[in-house]
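Trainee:
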Amino acid sequence: MKFFLGYLAAAAIAAAAPRTLLLTGTLANTTAEASAPARLELTLDGDTVSARLVTSPPLTGTGALSGRYADGWCELSGTLDGGITVKFRGVLNARDFRGTYVATPAQGAVQYGRFDLTLITAPPEVR
Numbered sequence: 002m003k004f005f006l007g008y009l010a011a012a013a014i015a016a017a018a019p020r021t022l023l024l025t026g027t028l029a030n031t032t033a034e035a036s037a038p039a040r041l042e043l044t045l046d047g048d049t050v051s052a053r054l055v056t057s058p059p060l061t062g063t064g065a066l067s068g069r070y071a072d073g074w075c076e077l078s079g080t081l082d083g084g085i086t087v088k089f090r091g092v093l094n095a096r097d098f099r100g101t102y103v104a105t106p107a108q109g110a111v112q113y114g115r116f117d118l119t120l121i122t123a124p125p126e127v128r
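Its first residue numbered 2, the sequence shown is counted upward by one per residue in this note's numbering.
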């Protein structure tokens, strides 16, 4: 009986629909000592994550990211506008996503920073 219940629980988790989270907050470039507002739309599908990042001046960079989520730890990477390669690593929980990032522009020096993004709400489901 326990085996059947375990199997049923695993099947329910596997069948769970992806969920999308909308987060806003600040990116702080510690190399350039500049901060800017940012928006992240994050879609969790099991342990796979896809995202769309939008930053505002004075920082630049908008684009798609992808990565993994496991045990509260989330890692994302991708290439933003202008050829900027980014890697985000941090803790994702029910309230926020915070951690550090590394941005490597096509031309110029590597930039380091931190981010603190707060969950706004999940976007409405389309039926």
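Ideal Cβ positions, reconstructed from N, Cα and C, are used throughout, including at glycine.
Can you give, in chain order, each stretch of the alpha helix (DSSP H) that sits fully within the region 32 to 114 and has at least 4 residues?
Mentor: none
Trainee: Inspect the beta-carbon positions of Leu41 and Ala52 and report whether they are closer than 7 Å.
Mentor: The sequence position of residue 41 within the sequence shown is 40, counting from 1. The sequence position of residue 52 within the sequence shown is 51, counting from 1. For Leu41 and Ala52, yes; Cβs fall inside 7 Å.
Trainee: List the residues that DSSP assigns as beta-bridge partners of Ala29.
Mentor: Counted from its first residue, the sequence shown places residue 29 at position 28. Paired residues: Ser36 and Arg115.
Trainee: Output needed for Asp117: all residues of its chain with C-beta closer than 6 Å, excluding positions within five of it in sequence on either side, in chain order.
Mentor: Taking the first residue of the sequence shown as position 1, residue 117 is located at position 116. Taken in chain order, the residues that qualify are Gly26, Thr27 and Arg99.
Trainee: Are Ala37 and Leu60 closer than 7 Å when you measure CB to CB?
Mentor: Looking up residue 37 in the sequence shown gives position 36. Looking up residue 60 in the sequence shown gives position 59. Taking a C-beta distance under 7 Å as the contact criterion, Ala37 and Leu60 qualify as a contact pair.
Trainee: Whole angstroms is fine: what's the gap from Arg104's alpha carbon to Gln112's?
Mentor: Indexing the sequence shown from 1 puts residue 104 at position 103. Indexing the sequence shown from 1 puts residue 112 at position 111. First, the residue type needs correcting, since residue 104 is Ala and not Arg in the sequence shown. If you take the alpha carbons of Ala104 and Gln112, they lie about 5 Å apart.
Trainee: Am I right that Tyr70 and Val50 are in contact with their C-beta atoms under 8 Å? What's the rounded C-beta distance?
Mentor: The residue given as residue 70 occupies position 69 in the sequence shown. The residue given as residue 50 occupies position 49 in the sequence shown. The distance from the Cβ of Tyr70 to that of Val50 is about 5 Å, consistent with a contact at the 8 Å cut-off.
Trainee: Starting from the Cα of Asp72, find the closest Cα among Thr21, Gly47, Thr31 and Pro19 and give me that residue.
Mentor: Position 71 of the sequence shown, counting from 1, holds the residue named residue 72. For the residues Thr21, Gly47, Thr31 and Pro19, the minimum Cα distance to Asp72 belongs to Gly47.
Trainee: To the nearest whole angstrom, what separates the beta carbons of Thr119 and Leu24, a pair I think is in contact under 8 Å?
Mentor: Residue numbering aside, residue 119 sits at position 118 when the sequence shown is read from its first letter. Residue numbering aside, residue 24 sits at position 23 when the sequence shown is read from its first letter. So it is a contact: roughly 6 Å between Cβ atoms.
Trainee: Note down the Cα distance separating Glu76 from Ser57, rounded to an integer number of angstroms.
Mentor: Numbered from its first residue, the sequence shown carries residue 76 at position 75. Numbered from its first residue, the sequence shown carries residue 57 at position 56. For Glu76 and Ser57, the distance between alpha carbons rounds to 22 Å.
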